[in-house]
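Visitor:
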Amino acid sequence: LDAALSAEASNVTSHMTSRVTSVAVHPGFVATNFGHRDRRWLQTMLLVLRPFLARDHRQGALTQVYAATSPELQDRGGLYLDNCAVASAIPLSHSAELQQGLWDASVELTQLPEKLNVGQRTHKLS
151 LDAALSAEAS NVTSHMTSRV TSVAVHPGFV ATNFGHRDRR WLQTMLLVLR PFLARDHRQG
211 ALTQVYAATS PELQDRGGLY LDNCAVASAI PLSHSAELQQ GLWDASVELT QLPEKLNVGQ
271 RTHKLS
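Going by this note's numbering, the first residue of the sequence shown is number 151, and it counts up by one from there.
Here is the structure:
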């Protein structure tokens with residue numbers, strides 16, 4: 151769903167004068183303490199496999215750093231990134247109806263204003 155929301159954020163902000171780029175980033179299986187207190191069987195299995203299969207926290211941050219700093223991604227919003235490369239998101243993420251619904255829910259939950267002032271221009275967000 152993050153790819154769908156990223157695509158809609160890119161659509162909504164594409165007309166703004168300042169550069170706003172939204173991309174969805176998959177960090178991969180990263181060895182962190184996230185969910186370490188969860189004792190269900192799947193979480194237990196992941197904890198056992200983590201030392202053998204998971205990336206360390208530095209490797210897990212690489213795609214996020216790439217997304218934030220790569221000149222190749224400038225003005226290319228709405229992408230899905232995995233392992234420091236543009237990847238294909240699930241087909242559902244391309245649904246315009248889903249994208250709009252996620253955007254509308256996000257605007258409501260975050261209480262964004264209807265209009266956003268950027269520089270000397272006002273931009274409608276919906």
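We put the CB at the ideal spot given by N, CA and C, even for glycine.
From a predicted model like this one, the values you see are computed outputs, not experimental measurements.
1) Please classify Q160 as buried or exposed, where buried requires at least 16 other C-beta atoms within 10 Å of its C-beta.
2) If we require 3 or more residues per run, which beta strand (DSSP E) segments fall completely within the region 206-242?
3) Is DSSP giving A364 helix, strand or coil here?
4) Excluding the 5 residues flanking T213 on each side, which residues of the same chain have their C-beta closer than 8 Å to its C-beta?
5) Using C-beta distances below 7 Å, list every residue in its chain close to E258, excluding the 5 sequence neighbours before and after it, in chain order.
6) Please state if the CB of A181 and the CB of R208 are separated by a distance shorter than 7 Å.
7) Using CA atoms only, rank isn't needed, just tell me which of R226, Y216 and A211 is closest to S163.
8) Assuming contact is defined by CB atoms lying nearer than 7 Å, are S156 and G210 in contact in what I supplied?
9) May I have the straight-line CA-CA distance separating E158 from Q224, to the nearest angstrom?
10) Determine the direct distance from the alpha carbon of Q249 to that of N183, and round the result to whole angstroms.
11) Pick helix, strand or coil for H244, following the three-state DSSP scheme.
12) Can the beta-carbon of V173 be found closer than 7 Å to that of A217?
Guide: So, to answer that:
1) For this step, residue 160 is matched to residue 10 along the sequence shown. What sits at residue 160 in the sequence shown is Ser, not Gln. Answer is buried; the Cβ neighbour count reaches 16.
2) 229-232 and 235-237
3) Because the chain here runs from 151 to 276, residue 364 falls outside it and cannot be looked at.
4) By one-based count along the sequence shown, residue 213 stands at place 63. If we look at T213 and ignore the five residues flanking it on each side, its Cβ neighbours are V175, H176, P177, G178, L231, D232, N233 and C234.
5) Taking the sequence shown and counting its residues from 1, the one referred to as residue 258 is at position 108. For E258, where only same-chain residues beyond five positions count, there are no Cβ hits under 7 Å.
6) One-based indexing of the sequence shown puts residue 208 at position 58. One-based indexing of the sequence shown puts residue 181 at position 31. It is not a contact, given that the beta carbons lie outside the stated cut-off.
7) Within the sequence shown, numbered from 1, the residue matching residue 163 stands at position 13. Before going on, a small fix: residue 163 reads as Thr here, not Ser. Checked all of R226, Y216 and A211; the closest Cα to T163 is R226.
8) Within the sequence shown, residue 156 is the residue found at index 6, counting from 1. Within the sequence shown, residue 210 is the residue found at index 60, counting from 1. No, the pair does not count as a contact, with Cβ atoms beyond the cut-off.
9) For the purposes of this step, residue 158 is taken as residue 8 along the sequence shown, with counting starting at 1. For the purposes of this step, residue 224 is taken as residue 74 along the sequence shown, with counting starting at 1. Whole-angstrom Cα-Cα distance: 17 Å.
10) Here residue 183 refers to the residue found at position 33 when the sequence shown is read from its first residue. Here residue 249 refers to the residue found at position 99 when the sequence shown is read from its first residue. Taking the straight line from one Cα to the other gives about 31 Å.
11) Working through the sequence shown from its first residue, we reach residue 244 at position 94. Of the three classes helix, strand and coil, the one that applies to H244 here is helix, per DSSP.
12) Within the sequence shown, numbered from 1, the residue matching residue 173 stands at position 23. Within the sequence shown, numbered from 1, the residue matching residue 217 stands at position 67. Their beta carbons are under 7 Å apart, which means V173 touches A217 by this criterion.
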